[in-house]
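Take any residue in the sequence shown, count from 1 to its spot, add 239: that is its number in my numbering.
Beta carbons: idealized from backbone N, C-alpha and C, even for Gly.
Okay, so here's the structure we're looking at.
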Amino acid sequence: MLISHNWLTTYYKNPEILPSPKEIGELLTMHAFEIESLEEKEDDFIYDIKITPDRGPYAHGLRYVALELSLLIPELIIDEHIRFDIPDKDIELTKFTVNHDLVNEFIKKLCPVYSITKIENVKNG
């Protein structure tokens, strides 16, 4: 996937704090994606990003690269058009009893705090 550095900077309110394109490439390679090459074109840099299988289901797009980078550089302020705001929905919360046998003892020892959510009446489409 080819990503323009100039386009990437449009996702932030404070792009001036971004490190150099080479440093961004190293950051992304070490933490999120494989940067296969970084090519300078006129007044821009182009990242050739290989999407690893674990990120394949969601990382096909500039928006997701921008989100990953904002996680690696906490000072970056994400512009509003990149946020994943979920519209308010009427959700009815109901308490229910849980069959604690769903989580075996071995897992309970490894993870003493866990959460189970029951979702009913889901329609696809």
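Look at Tyr251 here: in three-state DSSP terms it is strand.
Within the same chain, Cβ atoms closer than 7 Å to the Cβ of Thr248 are found at Pro254 and Leu257, the five residues on either side in sequence being excluded. For Ile346, the enclosing alpha helix (DSSP H) covers residues Glu344 to Leu349. With contact defined as three or more Cβ pairs closer than 8 Å, the stretch 298–314 and the stretch 346–355 are not in contact.
By the beta-carbon neighbour count (other beta carbons within 10 angstroms, threshold 16), His244 is buried.
In this structure, the CA atom of Ile312 is about 11 Å from the CA atom of Leu267. In the three-state reduction of the DSSP assignment, Glu307 falls in the helix class, which pools H, G and I. Within 10 angstroms of the beta-carbon of Tyr297 lie fewer than 16 other beta-carbons, which makes it exposed.
When the beta-carbon positions are compared, Phe272 and Lys289 come within less than 8 Å of each other. Under a 10 Å Cβ-count criterion, Ile274 is classified as buried, with 16 or more other Cβ atoms of the shown protein chains found around its own Cβ.
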